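Some notes on the structure that comes next.
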Amino acid sequence: MFSNHFDDAMNTLLEVGDSQQVLDCLMRYTQNFDIHAFNYGYVDPRGTDEDQVLRLISTADPEWLERYTQQGYGAVDPGVLNMAAGNHTPVICGNAIEEAPPPTSQRQKQFLDEAYEVGWHSGAIIPVRTPAQKPVPLGGIGLVTGLSGSQFMHLWRERQTEFIVLANQVHHAMTPELLRHFENGPRLSARERDCLALIASGLRADRIGDELKIATVTVNFHLRLARQKLGARTTGEAIAKAIRFGQI
Numbered sequence: 021m022f023s024n025h026f027d028d029a030m031n032t033l034l035e036v037g038d039s040q041q042v043l044d045c046l047m048r049y050t051q052n053f054d055i056h057a058f059n060y061g062y063v064d065p066r067g068t069d070e071d072q073v074l075r076l077i078s079t080a081d082p083e084w085l086e087r088y089t090q091q092g093y094g095a096v097d098p099g100v101l102n103m104a105a106g107n108h109t110p111v112i113c114g115n116a117i118e119e120a121p122p123p124t125s126q127r128q129k130q131f132l133d134e135a136y137e138v139g140w141h142s143g144a145i146i147p148v149r150t151p152a153q154k155p156v157p158l159g160g161i162g163l164v165t166g167l168s169g170s171q172f173m174h175l176w177r178e179r180q181t182e183f184i185v186l187a188n189q190v191h192h193a194m195t196p197e198l199l200r201h202f203e204n205g206p207r208l209s210a211r212e213r214d215c216l217a218l219i220a221s222g223l224r225a226d227r228i229g230d231e232l233k234i235a236t237v238t239v240n241f242h243l244r245l246a247r248q249k250l251g252a253r254t255t256g257e258a259i260a261k262a263i264r265f266g267q268i
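With my numbering applied, the sequence shown covers 21 to 268.
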């Protein structure tokens, strides 16, 4: 049985189109379950073997995040390793959890010990992918708690399906914005988005002008600007790119 918090969060995610609103929704949801922070990590496909390709959006302590980056803990983070291996099963992590897999190296033990010291006693990292299995981005959402092992495992057994579904929906909602960022896609103006969306719905330029209460020549001006920004030769190509980048 899904919680009311889950229903509220899913309804919100279906309505919002801004990445910050998506993350705010996730934060409000997790706080209902004594999850004091989340880590949304994703692989930046522009990276190379020499480059650190893991990017993090997190509500964890900034000093800990800086430490995580400086120490290169992404290389031993169980959730990141699980994601990189292409596994779909969440990983239970934290020194407070007896059921958690033991560290596989001294460096991983150091990472888990330091995480424990800053309040990550228990949690789970949920691998996420876009429904269409697009090439970008692979990702994972970590739930960070100060709960004891038994408390967290009780919560996990009760709510894991809910957590997994919501994590994947958050990732799905974030993907167009990430794609736009990765591919240096433009951010269209509100009028450009409106005109493209209405063209996509089947309206002619003159009807769009009536709908938006602007002149037909102005509609065509916004469509031309949208095509230029998106590097599209046709309006149809502009619509496809705008959808890909979550602009309409």
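From the three backbone atoms N, C-alpha and C, an ideal C-beta is built for every residue, glycine too. Remember, it's a predicted structure, so these values are computed and weren't measured experimentally.
Please report the distance separating the alpha-carbon of H191 from that of G159. About 8 Å.
Is it buried or exposed, H174, if we count other Cβ atoms within 10 angstroms and call 16 or more buried? H174 comes out exposed.
How many Å lie between A260 and P206 at the Cα? The C-alpha of P206 is placed about 14 Å away from the C-alpha of A260.
Reducing DSSP to helix, strand and coil, say where V111 ends up. V111: strand per DSSP, three-state reduction.
Quick one: which unbroken beta strand (DSSP E) runs of 3-plus residues sit fully inside the segment 73-140? Chain order, please. For the beta strand (DSSP E) assignment, the uninterrupted runs of no fewer than 3 residues enclosed by the segment 73-140 are, from N- to C-terminal side, 74-78 and 111-113.
T79 vs M47 beta-carbon contact at 8 Å: Cβ atoms of T79 and M47: closer than 8 Å.
Return the bridge partner residues of P196 from the DSSP annotation. When DSSP reads this structure, P196 sits in no beta bridge, so it has no partner.
Output needed for H141: all residues of its chain with C-beta closer than 6 Å, excluding positions within five of it in sequence on either side, in chain order. These residues qualify, in order along the chain: G114, A116 and G166.
L167 by DSSP, collapsed to three states: which one? L167 falls in the coil class under three-state DSSP.
Closest to A240 by C-alpha separation, out of K233, I263 and C215, would be which residue? It is Asn, not Ala, that sits at residue 240 in the sequence shown. Comparing Cα positions, the closest option is C215.
Simplified DSSP assignment, three categories, for V239: In the three-state reduction of the DSSP assignment, V239 falls in the helix class, which pools H, G and I.
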